[in-house]
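> Below is the structure I would like to discuss, written out as C-alpha cells.
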Amino acid sequence: MKKTYIICLSLIILSSAWQQAFAGWPIGKYRSIVIPSFNYYTSKDSWDRNGTKVKGADGSGFTSYAIGLYFGYGLTRRMDLLVNVLAPYQSSKLVTATGAVTPQNSSGLGDMQVGVSYALINFGYKSYLSIQASGIIPLYKNTNRAIALGYGAYGGEVKLMYAGGIDSKLFKGYYNLEAGYRRFFDFDGPNVLVYSASVGVPVPGRNQVSVEVGGQWASSNNKTFSQNLSVNRDFAFTKAGLNFGHAFTRRFSLFANGFYTFTGRNSGIGYGGSLQAIMKI
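According to the numbering used here, the stretch in the sequence shown is residues 3 to 283, in order.
Here is the structure:
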C-alpha cells in the first residue's frame, strides 16, 4: 500500500513541505532553489470504496521511504522551470487466506515531474496568482516488480496557485492555496483533482510554523481496489499536516513535516512525515 506527490499515492502525500515555503511565489530571474528531501509514510488500515474503515489483518501493512530532489530555476521574473523526482523504497506485508505473512519489497526511481510556473498577476508584490503546467514521466517499468512503483504511465498536470503574505495588526504570516487537475495518459486514467490550503506564521528565533489541509479526488472506469494503493485509480483522501521550519541563513533552511490522512475512499489510513533542506542559489 502507498502513495506519491508526483504520482504514487503515498509519495504525493509526502512531498508538501517545500510547497509551504515557495509554491505560488516566483523564484526570481536567474535564481535557483535546490531541495533534497527524505520522506516516510506508513499505513495498515484503509477505507473501502464507500469510505468505511477496514481494519488491516494482523501483520499486514505498507511502509515507504523515499529520497526526493526538487529543483527550481527562475527563467524570468515571472516564469520558473521546475523539476521534481522521487526514489522510493517500498515494503509491503500481505496476509494470505491461511494467515501467512508475505513480505514484498521494491525500490528505484519513481516518477519525474517537469514543468513551468508563471506568475499571472501580483497584488502589490505581496501576493501572486500563478499557473503551473507540467508533465509526468515514469522513470521505471513495473515488469517483474513485486510492488508497482506507480501507474507506469505518462501524465500531465495544470495547477492554479494563490500565495501571499499577511501583514495586519492582528496577524502576520503567509498563506498558500492550490487547485489542480492531473491526468494520466492510460486507458484507465485516472483523472485526479488535487487541492491544498495552508497558513503559516513566523515564530521567534528565525522559525516558522504552518498548518495544511489538502488531498486528492480521483476517478476512473477501473474501480478495482488493491492493497498496493499506488495502483488504485478510483480513490480519494484528505490529510492534515503540521510543518516547522528554521532558517539558519538567508540561503539555507530546514523544514520538518508531519501529516495524517483522516478521511478517504479506496485509500490508506496512514501517517508520515518528511525532512527537507532548502538551499537558495
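C-beta atoms are modelled at their ideal positions from N, C-alpha and C, and glycine is treated no differently.
1. When the distance is taken between beta carbons, is ILE149 closer than 7 Å to GLN2?
2. For the beta strand (DSSP E) holding ALA249, just list the boundary residues, first then last.
3. List the whole-angstrom C-beta distance separating ILE271 from SER132, where the pair is believed to meet the contact cut-off of C-beta under 8 Å.
4. Measuring straight from C-alpha to C-alpha, what distance separates SER228 and TYR43?
5. Going by C-alpha distance, which of ASP169, LEU151 and THR104 is nearest TYR127?
6. Buried or exposed, going by whether 16 or more other CB atoms sit within 10 Å of the CB of GLY58?
7. Distance, Cα to Cα, SER94 vs GLY110?
8. Is it buried or exposed, THR263, if we count other Cβ atoms within 10 angstroms and call 16 or more buried?
9. Strictly by DSSP, which residues pair up with VAL311?
10. Less than 7 Å between the beta carbons of ARG33 and GLY101, yes or no?
11. What did DSSP end up calling SER119 once you bin it into helix, strand or coil?
12. So, with DSSP's three-state summary, where would you put SER232?
13. Could you please give the first and the last residue of the uninterrupted beta strand (DSSP E) stretch that includes ALA148?
14. Give the DSSP-derived three-state secondary structure of LEU111 in the structure shown.
15. Can you find the residues in the same chain that come closer than 7 Å, C-beta to C-beta, to ARG147, ignoring five residues on each side of it along the sequence?
16. Between TYR91 and the rest of its own chain, which residues show a CB-CB distance below 6 Å, the 5 nearest in sequence each way excluded?
17. Out of TYR72, ASP47 and TRP27, which has the shortest C-alpha to C-alpha gap to PHE96?
The structure says:
1. With the chain running from 3 to 283 in the structure shown, residue 2 is simply not present.
2. 238-249
3. No, ILE271 and SER132 are not in contact; Cβ-Cβ is about 33 Å, not under 8 Å.
4. 17 Å
5. Nearest C-alpha to TYR127: ASP169.
6. buried
7. 15 Å
8. buried
9. With the chain covering only 3 through 283, there is no way to say anything about residue 311.
10. For ARG33 and GLY101, no; Cβs fall outside 7 Å.
11. strand
12. DSSP places SER232 in helix when its eight states are reduced to three.
13. If you look at ALA148, you'll find it isn't in any beta strand (DSSP E); DSSP assigns it neither H nor E.
14. coil
15. Around ARG147: SER108.
16. Non-local beta-carbon contacts of TYR91 in its own chain, meaning distances under 6 Å to residues more than five positions away in sequence, involve TYR67 and SER109 in chain order.
17. With the sequence shown as reference, residue 96 is identified as Leu, and Phe is not the correct amino acid for it. It is ASP47 whose Cα lies nearest to the Cα of LEU96.
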